[in-house]
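Asks: As they're listed, the protein sequences go chains A, H and R.
Per numbering that gives the first Met the number 0, the first sequence runs over residues 0 to 275.
Per numbering that gives the first Met the number 0, the second sequence runs over residues 0 to 535.
Per numbering that gives the first Met the number 0, the third sequence runs over residues 0 to 313.
C-beta atoms are modelled at their ideal positions from N, C-alpha and C, and glycine is treated no differently.
Small disclaimer: the values here were computed from a predicted structure and weren't measured.
Encoded as structure tokens, here's the structure I'll be asking about.
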Amino acid sequence: MLNRHASLSSKRRLVIFLVPAAVLLLLSLFAPLLAPNDPNATSAMMMNHAPCADYPFGTDQLGRCICSRVLMGAGTSIFSAALLVILTFLAGATLGILAGWYGGIADAVIMRICDVMLAFPQMVLAIAVAGILGGGMTNAMLAMGISGWTLYARLARAQVLSLKEEPYVQAARLSGLRFPRIMFGTLLPNILGPLVVNATTQIGVMMIGIAGLSFLGIGVTEPHAEWGSMINFSRSYIRLAPWAVFAPAAAIVLTVMVFNCLGDSIRDYLDVGGEK
Amino acid sequence: MKKFLSLLLAMCLVMGLCACQASTDPGPVSTPTDDKQTTTDNTTPAADPDAGNVTQPTDTTQAKVLRMAESFAYASLDVHKDYYGWYTSIYGVSETLFKVADNLSIQPLLAKEYSVSDDGKTWTFRLADAKFSNGNALTADMVVKNFQRLAEVNERFAYLGDFTFAADGDKTLTITTPEIYPTMLSDLTAPETGIMDLDATTDPDNAPVCTGPFTVKSFEPEGTVEVVKNASYWNGDVKLDGAIFYYMQDDDTKLNAMQAGDIDGYTSVTAAAKQIYSMDADRYTLTEIPATRLQFYVLNKSRLDDKVCEAINLTIDNKAMAEFLGGTVSAAVGPFASTAPYGKVSKPAPDTAKAKALLEEAGYTAGADGMYQKNGKPLSVNIGYYEARSLDTIAVLMQEQLKNIGVDAVLTAEEDPDATYIATGDYDIALYCMIADKSGDPYYCIDALFRKDSKWALAGFPSDETEKLIDELRYETDVNKRADLANQIVQRSIDENAFGYVGLFNKTTVMTKGVSGISENCPFDFYGVNAETDIK
Amino acid sequence: MGKYIGKRLLHLLWIMLAVSFLTFLLMYLTPGDAAMKKLYAQGVAVSDEVLENTRENMGLNRSFAVQYGDWLLHALRFDLGSSFKDGFPVSEKLLKGMKNTAILTLSALALALAVSLPLAFFTAVKKNSLPDYIVRFFSFVGNSMPNFLISVLLMYYLCVKARLLPVVAENSLRGLLLPCLALSIPLCCRFIRQFRAEILEQLGKPYVSGAVLRGVKKRYVLASVLHNASISILTIVGLSVGTLLGGSVVIETIFRWPGLGKLAMDAISSRDYPVIQGFVLLSSTIYVLINLLTDISYRLIDPRLDKKEEESSC
Chain A
0 MLNRHASLSS KRRLVIFLVP AAVLLLLSLF APLLAPNDPN ATSAMMMNHA PCADYPFGTD
60 QLGRCICSRV LMGAGTSIFS AALLVILTFL AGATLGILAG WYGGIADAVI MRICDVMLAF
120 PQMVLAIAVA GILGGGMTNA MLAMGISGWT LYARLARAQV LSLKEEPYVQ AARLSGLRFP
180 RIMFGTLLPN ILGPLVVNAT TQIGVMMIGI AGLSFLGIGV TEPHAEWGSM INFSRSYIRL
240 APWAVFAPAA AIVLTVMVFN CLGDSIRDYL DVGGEK
Chain H
0 MKKFLSLLLA MCLVMGLCAC QASTDPGPVS TPTDDKQTTT DNTTPAADPD AGNVTQPTDT
60 TQAKVLRMAE SFAYASLDVH KDYYGWYTSI YGVSETLFKV ADNLSIQPLL AKEYSVSDDG
120 KTWTFRLADA KFSNGNALTA DMVVKNFQRL AEVNERFAYL GDFTFAADGD KTLTITTPEI
180 YPTMLSDLTA PETGIMDLDA TTDPDNAPVC TGPFTVKSFE PEGTVEVVKN ASYWNGDVKL
240 DGAIFYYMQD DDTKLNAMQA GDIDGYTSVT AAAKQIYSMD ADRYTLTEIP ATRLQFYVLN
300 KSRLDDKVCE AINLTIDNKA MAEFLGGTVS AAVGPFASTA PYGKVSKPAP DTAKAKALLE
360 EAGYTAGADG MYQKNGKPLS VNIGYYEARS LDTIAVLMQE QLKNIGVDAV LTAEEDPDAT
420 YIATGDYDIA LYCMIADKSG DPYYCIDALF RKDSKWALAG FPSDETEKLI DELRYETDVN
480 KRADLANQIV QRSIDENAFG YVGLFNKTTV MTKGVSGISE NCPFDFYGVN AETDIK
Chain R
0 MGKYIGKRLL HLLWIMLAVS FLTFLLMYLT PGDAAMKKLY AQGVAVSDEV LENTRENMGL
60 NRSFAVQYGD WLLHALRFDL GSSFKDGFPV SEKLLKGMKN TAILTLSALA LALAVSLPLA
120 FFTAVKKNSL PDYIVRFFSF VGNSMPNFLI SVLLMYYLCV KARLLPVVAE NSLRGLLLPC
180 LALSIPLCCR FIRQFRAEIL EQLGKPYVSG AVLRGVKKRY VLASVLHNAS ISILTIVGLS
240 VGTLLGGSVV IETIFRWPGL GKLAMDAISS RDYPVIQGFV LLSSTIYVLI NLLTDISYRL
300 IDPRLDKKEE ESSC
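See below:
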């Protein structure tokens, strides 16, 4: 067992973790087809019903199918977290590279904005922003993203600053290449590794964050199925219908675990130290 | 590999947890049995070392101290400011000139009797022989000072500044109003009009001196409040020795505390908790009465076709909704309890076939998927709501019911309805919840809902005729005629399909057996403990 | 060093100014205000006239610039004003909240350290043993659990199922236990992973194998390993302050612990500008100062860092 583990290349491990992640992504994409029932259909006859053949995970206090809602919630949670990571990644990396490359005023302005965003722990800022803006998927994503980009910006800037002094970058610069060419041709390939590692680990963080906001009632709101808001909605019925809380809870934990593992194995594969 | 294995293991664990949950837990039935165990422990506090060291004082059995949970707690006890008076009234500290009885009739309290002049503008009150908790007698002069202070410190009572108050001797008070003011008595039941001994009260925020059956013992801003019996209460003997009000916002916390025997009762029990208490009828008394908080929706007549409005009203089945809400609300016909003389209105029963016919009359045709459309555009209505007072559940249910007849509904949740959809009029259907009956009179609600200058005017219901009727109601002094007028106005709002009255929140109170008289039969939120409250 | 601290404090001033301005602007632009929230608190309808008068008395109908300027002038004189909701001085509310938050976060941190340090050390030394696998498994699962979920599960199992803890007495020591546990469990899981990795790294270094070869007693070797890992451990703890403060907002809201987080949530929902502004200033100051302290402390331990920063700082 141990020997086998040692002989397993980090590449194979990466592939192994890509499988559950891909399955989750597929599940979230095809949720509407897979859901056994209409996730929003209420039923007065089936309120707080225990798991049965028709309702594999039982029903909530409005008689809605928990299984279908968890599946639909996968779409909301995974999709929104992934989208958020991609957006903050793009914004942060671009700003960071610009700041690092050009220096001067651009650098100062971008870094000062970073400072302001980093004056609060991410979750404090997110809760404040979501609390002020009110509920809704977009607002929750905005709240998480408002400080999310700074991670990539700071990382990209630091990498670019050190790359700038490398001979081959200097050479590219002196040979009169335009910035976009240098950015995509030279800078980006060299700094992408650490950024991607951080991005993958952020998927879990974002998912937990959005679920947390929804749980507090300032993120995704009813009737949209989202795991955090499902837990919040059924929390008062935990004695009568524990499945309504435990099913979305298990979904969150499993999904976050899968993405955390994926992040770790990508880090091992690329062999770069991510943020601790 | 290791990681993969651990992941697999974790999956099994989580699944296992769920499975255990479903299989080993025979459901809620087991919970009450555990509870009985705790109760018996609780009556003999020393018996169980595990449950015995709860914060309750050991002398609870000797001194009769009632422990309650409140979902709201303010930072001050100043009777006149903000809504603090509601809580001093709940705590049994402050009293008003009149009070509303359980049957919604207005009864004298600090005022013994009253009379109105023939022109209806001068009210004369004779005060009862009431005493403040410090022994000082209640004087007309003090009442005048209280009303003047109230007008100054509370925006909602600024109108009292237009009245003229005069003390005639120690016990007679006259109030002169610039025009006829039929709702005077009902206004004087408002808890904010509670009377303090302003000369003796040095710290109104923490220690108001009032006339009630209890006095403040300790007060923690936005926290626990402790009151003790006012030994020299003017209006009979106080049965309790004291009461403690814990601040518990969370419904679950209240349920846990109640089951653990840490509290003796609370109001606004949730549907889930109600279900749990009702399974253990030996231990708890549940009281449920329709109260004054109204859930309703407004149909935007300036955006929706009349026929569509009618179809929507015929589709929304509020009895089914009340069922979904687990009996925390009673299905409403109008804004007032149907037992009240001003609550006699009627509305047609839900009829989806007729609703569909109406939609077709309005030019809509059902598509292949059963959804109605006109000129290729689907019939879609926007429902504005906010996440409080079960409005989110109602919104979900409305969406479902509308979908079933072929109308698509889009839900828009807002944080602050008053500043968003209501202010802009940007809605087809707006859900809202408010107190419809402040103190046994319909005028306040009708004024707030149907006037041309009300915040609902954008929806297009107000008209010159309703305005005329409302003005008539404003100056009508005869109680029966007032009720007639109110019924007429409300019926118009139903007949024109401008409003849909969904539910009246029930006031649900749970008490441990033996506790009685915590205003559980009174529909108003601002009454709590009183001289008659008792623990057996 | 002195120059560095001075520069960072100057930064803090800029941050406070920017942050207070942005929050004020955001609050001003979003629908709803303190007057409305206060008047509608009990669900009673009030007339527009009453609403307008209340706004005027609260100074809410003034322009944005005037309102912010007024607040800023007072703040510069260390006067944070008084709460819109109940008229209490903001500074008093913040102090009370800070005390409760400090109790909660520090006890959670202490608990997490007390559990994670020995476990990390033990599992690193006994690498790949059964206890190692068990500890790592649980810390991995705990790492993937959102803190609100841990709170719900704790409440369910400890309060409802096992009846171990009372629900009343929210501010007493027993009331502290649940939120403290909920806050420290995820932290503890993270610490175990990070500390273990750090100690393993130290164990792999030549000085350890050298010492073992030289026959140095095991506990002396372990002591020096611990000493050498302390910088990283300190950094990890310093970096966790953000998670801790963020987590405390969630936990305080769920358990109604009267700390800064709950104060802020309440203030946001009642649009209580003065309290929100006070919270924003205080919270950013605490966070920046703690980061500064972490920086300084590991500069003191490892003076080489000072030079590096000088080179790369902007």
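#1: Just by C-beta distance, which residues in the region 129 to 143 of chain A are closer than 7 Å to chain R?
#2: Step through the CB atoms of chain R and report whether any lies within less than 9 Å of the CB of residue 403 of chain H.
#3: Determine the extent of the alpha helix (DSSP H) in which residue 20 of chain R is found, giving its start and end residues.
#4: Tell me residue 533 of chain H's beta-bridge partners as DSSP assigns them.
#5: Hey, does residue 285 of chain H have any beta-carbon neighbour from chain A nearer than 9 Å?
#6: Whole angstroms are fine: how far does the CA of residue 186 of chain R sit from the CA of residue 239 of chain R?
#7: Is the distance from the Cβ of residue 110 of chain H to the Cβ of residue 149 of chain H below 9 Å?
#8: Taking the DSSP output, what are the residues bridged to residue 329 of chain H?
#9: Near residue 106 of chain R, what residues of its chain come up, given a Cβ to Cβ distance below 7 Å and the 5 sequence neighbours on each side ignored?
#10: Pull up the CB-CB distance for residue 65 of chain H and residue 528 of chain H, whole angstroms please, since I reckon it's below 8 Å.
#11: I'd like to know if the region 249 to 262 of chain H and the region 13 to 28 of chain R are in contact, where contact means that at least 3 CB-CB pairs between them fall below 8 Å.
#12: Counting C-beta neighbours from all protein chains within 10 Å, is the total for residue 106 of chain H 16 or more, i.e. buried, or is it exposed?
#13: Under a three-way DSSP split, which group does residue 247 of chain R fall into?
#14: Mind listing the chain H neighbours of residue 7 of chain R? Cutoff is C-beta to C-beta under 7 Å, in chain order.
#15: Note down, in chain order, all residues in the region 231 to 248 of chain R with a beta-carbon under 7 Å from any beta-carbon belonging to chain H.
#16: Just curious, the alpha helix (DSSP H) that residue 344 of chain H is in, first and last residue?
#17: Looking at the unbroken beta strand (DSSP E) that takes in residue 164 of chain H, where does it start and where does it end?
#18: Determine, using beta carbons only, whether residue 95 of chain A and residue 155 of chain A come nearer to each other than 9 Å.
#19: What's the gap between the Cα of residue 144 of chain R and the Cα of residue 271 of chain R?
#20: One question on the structure: do residue 338 of chain H and residue 434 of chain H come within less than 9 Å of each other, judged by their Cβ atoms?
#21: Determine the DSSP secondary structure at residue 371 of chain H, reduced to helix, strand or coil.
#22: Whose C-alpha, out of R:127, R:251 and R:129, is nearest the C-alpha of residue 99 of chain R?
#23: Which residues does DSSP list as the beta-bridge partners of residue 124 of chain H?
#24: Which residues of chain H have a Cβ atom closer than 8 Å to the Cβ of residue 172 of chain A, listed in chain order?
#25: Tell whether a beta-carbon distance below 9 Å holds between residue 398 of chain H and residue 408 of chain H.
#26: Have a look at residue 16 of chain A and residue 186 of chain A and give me their C-alpha separation to the nearest angstrom.
#27: From the DSSP output, which residues share a beta bridge with residue 65 of chain H?
#28: Only counting the same chain, and skipping five residues up and downstream in sequence, which positions put a Cβ closer than 8 Å to that of residue 219 of chain R?
#29: Distance cutoff 9 Å, beta carbons only. Does residue 501 of chain H sit that close to anything in chain A?
#30: Using the Cα positions of residue 81 of chain R and residue 93 of chain R, report the straight-line distance between them to the nearest angstrom.
#31: Cα separation between residue 141 of chain H and residue 130 of chain H?
#32: Among H:532, H:262 and H:234, which one has its Cα closest to the Cα of residue 247 of chain H?
#33: Within the 9 Å Cβ cut-off, does residue 38 of chain A reach chain R?
#34: How would you write the range of the alpha helix (DSSP H) that residue 262 of chain A sits in, first residue to last?
#35: Taking C-beta to C-beta, are residue 143 of chain A and residue 158 of chain A nearer than 9 Å?
#36: Applying the 10 Å Cβ sphere with the 16-neighbour rule, what's the burial state of residue 492 of chain H?
Replies: So, from the listed chains and residues:
#1: 130, 131 and 132
#2: no
#3: 1 to 28
#4: H:515
#5: no
#6: 8 Å
#7: no
#8: H:503
#9: 175 and 179
#10: 6 Å
#11: no
#12: exposed
#13: helix
#14: What residue 7 of chain R touches in chain H: nothing, since even the nearest Cβ is about 36 Å away.
#15: none
#16: Segment: none, residue 344 of chain H is in no alpha helix (DSSP H) and carries neither H nor E.
#17: 163 to 167
#18: yes
#19: 33 Å
#20: no
#21: strand
#22: R:251
#23: H:113 and H:172
#24: None at all; the shortest Cβ gap to chain H is about 42 Å.
#25: yes
#26: 29 Å
#27: H:242
#28: 210
#29: no
#30: 11 Å
#31: 12 Å
#32: H:262
#33: no
#34: 242 to 269
#35: no
#36: buried
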